[in-house]
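So the sequence shown is numbered by this note's numbering: it starts at 331 and just counts up by one. A virtual CB, placed ideally from N, CA and C, is assigned to each residue, including glycine. In this text, all values refer to a predicted model and were calculated from it rather than measured experimentally.
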Amino acid sequence: MSKIQLNIHIGKHDDSFYKKGRINMKIIKKTSKQLIVLLLVITMLLMAPISSYAEGSDPTTAQENVIEAASDFLEDMGMEDMADNIRNWLEDNKISIDSDMSANGTCDREGNITLKSFYVNPLSSDPLKRFKQLVALGTLLIHEKTHAHQAPEGGSLAYDVETGDWLAGYDVHSECIGPDPLEVDAYYKQILAYLDFAQKVSEEIIDVSIVGEERVAALKLKQDKIDYLIGEANRWAKILKAHNFEKANRFDYEYLTTQFTAIDNNGDLTDEQKIQAKKDLLENLINTLFIEDGFYDRARDIYEIKKGESSTNFQIPILEIVEGSVYTFELPEENGFMHITGLGNYEMEIEAFGVVVHDFAIPPVADYGYEIISPVYSLSWNATLPVEFILQIMVDESIAENAKIAAFALNRDIHENMWTILDSEYEVIGDIPYMTVTESHATMFAIVIPSPSFTDIGPEHWCYGAAERLVGQEIIDPDIILNALLPVSREKFTKYLVKGIGLELLELPIPFTDVPEDSPYFSYISTAYHYGLTRGVNATTFGYGEILSREQSITFLIRAMNWEEEALLMDEHEIDFWVDSFFDVYTEVSTWALPYMAQSIKMEIVKGYPDNTLRGKKLLTQAEVVVLIDRMMFAIKYMGR
331 MSKIQLNIHI GKHDDSFYKK GRINMKIIKK TSKQLIVLLL VITMLLMAPI
381 SSYAEGSDPT TAQENVIEAA SDFLEDMGME DMADNIRNWL EDNKISIDSD
431 MSANGTCDRE GNITLKSFYV NPLSSDPLKR FKQLVALGTL LIHEKTHAHQ
481 APEGGSLAYD VETGDWLAGY DVHSECIGPD PLEVDAYYKQ ILAYLDFAQK
531 VSEEIIDVSI VGEERVAALK LKQDKIDYLI GEANRWAKIL KAHNFEKANR
581 FDYEYLTTQF TAIDNNGDLT DEQKIQAKKD LLENLINTLF IEDGFYDRAR
631 DIYEIKKGES STNFQIPILE IVEGSVYTFE LPEENGFMHI TGLGNYEMEI
681 EAFGVVVHDF AIPPVADYGY EIISPVYSLS WNATLPVEFI LQIMVDESIA
731 ENAKIAAFAL NRDIHENMWT ILDSEYEVIG DIPYMTVTES HATMFAIVIP
781 SPSFTDIGPE HWCYGAAERL VGQEIIDPDI ILNALLPVSR EKFTKYLVKG
831 IGLELLELPI PFTDVPEDSP YFSYISTAYH YGLTRGVNAT TFGYGEILSR
881 EQSITFLIRA MNWEEEALLM DEHEIDFWVD SFFDVYTEVS TWALPYMAQS
931 IKMEIVKGYP DNTLRGKKLL TQAEVVVLID RMMFAIKYMG R
């Protein structure tokens, strides 16, 4: 009997969702109508993106019009088959919209597509903004179409990959497993689309009847479109590297963005030749992803090496499963137990319910601020539904007070490839101490203990994770005390900002007369000034020693991330879309700061306070700065800027 890996895919880019393996199990509820409804709800949740555990709604007529406009755009770009594909999706009700999902788009096992509502907002009347909107939606649909065709029940996998064999796409554990050819395939085709569009736009001929200022404007619009498309291709190549799906260091292979840079730096090529060279490169890479001994096979080999040889397999014959029974299995090396409950509630059309518990040979490392003190166990089973289980891992009594069981990549947000601390309990069974947790999703589990850098904040503090990450990346110093509630000066924030972006320090002259040349912050202020990140409070004053407000810090961040142009191009309608849900936006946020605040909310850097306020004029505390810099670094990494 084939085994199925039920490890949850949580891509860093938030663009897809998989369950791995070959499906060989059909679940039929035995009992009442109410329980059947419950099962259907569970099934829908399982098939939905893990980020929201909710099914998207049907697109409105206005949203359908935007999607149809994107299909018309793709047809104009020479992608007639893709355009027809989208129209068929709409006709067959295979596209849904979700306003709350964190992903840009997702695809389930059956090839159904869910889009984030932002992508189907009303189209702008500005021709360049409208073009960008259609490109963004069109390329997202191309990305998800690739996954729809890869889905075990939604079409065939690319090239020679066997339908249902998704083990190489097992990037939920990307840091410990390796490349994800299925995701690389979708990214490569999305990036190729940008280059196809750029080539198509460059070939467009402006009517000779258009003259004077109108012709100048038309030529500028055309060039702006080409520049945008080339920029997006390069940006997504950087994102692909940030996701580590290519894992170039594992192979004799360069990252796509590295190869793009080499093409851009080739002075012997014209702009048109550079576009073609990038297209040729991508087409060659796509064609070699799934050939024998290619990217896919090598990814499988890496997974097998990291998985190691130590595993425990259990088989429960279906005929022996009794409702209400609990089935107990021993973890490898007698380090604990796994208790499975609830199997008797279902009739299963398989011979046996199979469980695999694996002691991973090369697991992911602990998050900053924590230490793994147990083996790392990977759990899987041959079922397509969440199976409730109780996990008991042996623990040393001397550290039990601080110990917790953590699950790897259980949540889907900007920190998804990290460990989630679970609500676990300490108990003694037969004189042996255990940490115990109840879960229902298969992933990796281990016991962790805190390893704090500061004495005044612990794991329960809301900025603990961000603070430990910044210490680990040498953005802030482990000074024993964080002083989380103290306000932060402009110069200190500037230091964190420059270090967070990774700029090379400059010692160039600056026009600010209030910054002492012997100040420990001088080089950071000089660097920020010459990179255009700060303009001071006026032409000759930096504001040294002054305390930053939240809105000032957000302005700094958006400039530093190179998103200021996009922020300032927002019209009133788009700004209102992002800020209107906050009660105090028009009383506690300055008018000049609204575009920056809207952009930061759009990028999920700012989320507001629990009372649904933004408090833009509030002075910034050390804890808030730490979290903002942390989110900025994630956004830069995963947005390619």
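Within the DSSP bridge table, the entry for SER426 names THR444 as partners. A straight line joining the alpha-carbon of GLY386 with that of SER429 spans about 8 Å. Excluding residues up to 5 positions away in sequence, MET891 lie with their Cβ nearer than 6 Å to the Cβ of ILE966 in the same chain.
Scanning GLN606, ARG460, PRO457 and SER539 for the CA closest to the CA of ASP526 turns up GLN606. For GLU613, the closest C-alpha among the options MET933, ILE680 and LEU586 is that of LEU586. Three or more beta-carbon pairs separated by less than 8 Å link the region 553 to 564 to the region 528 to 543, which places the two stretches in contact. Judged by DSSP in its simplified three-state form, ILE779 adopts strand. When the alpha-carbon of PHE590 is set against those of LYS825, ALA567, SER920 and ARG545, the nearest one is in ALA567. Collapsing the DSSP output to three states places ILE703 in coil. Looking at the backbone, the Cα of ARG545 and that of ILE556 are separated by about 17 Å. DSSP, read as helix, strand or coil, puts HIS771 in coil. The C-beta distance from VAL845 to PHE872 rounds to 5 Å, short enough to meet the 8 Å contact threshold.
DSSP lists no beta-bridge partner residue for MET900. Taking the CA atoms as reference points, VAL652 sits about 57 Å from ASP914. The alpha carbon of GLU918 has as its nearest neighbour, out of LEU899, SER879, ASN665 and GLU895, the alpha carbon of SER879.
With contact defined as three or more Cβ pairs closer than 8 Å, the region 512 to 524 and the region 469 to 476 are in contact. Rounded to whole angstroms, ALA478 and GLU394 show a C-alpha spacing of 19 Å.
VAL695 is positioned such that its CB atom lies no closer than 9 Å to that of TRP711. Judged by pairs of C-beta atoms under 8 Å, the region 713 to 730 touches the region 760 to 779, as three or more such pairs exist. If you draw a straight line from the Cα of ALA796 to the Cα of THR600, it is about 45 Å long.
Of THR885, LYS637 and ILE632, the smallest CA-CA separation from ARG865 is found for THR885.
Per DSSP, the beta-bridge partners of TYR756 are MET765. Leaving aside the five residues that flank THR785 on each side, the residues in its chain whose CB is nearer than 7 Å to its CB run, in chain order, ILE810 and ILE811. In the structure shown, the three-state DSSP call for GLU837 is coil.
Your pair GLU821 and TYR859 does not check out as a contact, with CB atoms roughly 12 Å apart and the cut at 8 Å. Judged by DSSP secondary structure, SER641 falls within the beta strand (DSSP E) whose first and last residues are 641 to 647.
With contacts defined by Cβ atoms closer than 9 Å, ILE805 and TYR826 form a contacting pair. Remark: C-beta atoms of ALA923 and GLY946 approach each other more closely than 9 Å.
Counting of Cβ neighbours within 10 angstroms places TRP792 among the exposed residues, the total staying below 16.
For THR436, the pairing in a beta bridge is given by DSSP as THR444. The Cβ atoms of TYR707 and PHE683 lie no closer than 9 Å to each other.
Nearest neighbour of ASP582 by Cα position, chosen from LYS608, ASP623, GLU602 and GLY597, turns out to be ASP623. Only residues of its own chain outside the window of five on either side were considered, and among them LEU453 and SER454 have a CB closer than 8 Å to the CB of ARG460, listed in chain order.
Between the beta-carbon of LEU661 and that of PHE667 there is about 6 Å, and that keeps the pair under the 8 Å contact cut. Exclusion of the five residues before and after LYS604 leaves ILE593 as the residues of its chain whose Cβ lies within less than 6 Å of its Cβ. With a threshold of 16 other beta carbon atoms within 10 Å, GLY468 meets it and is buried.
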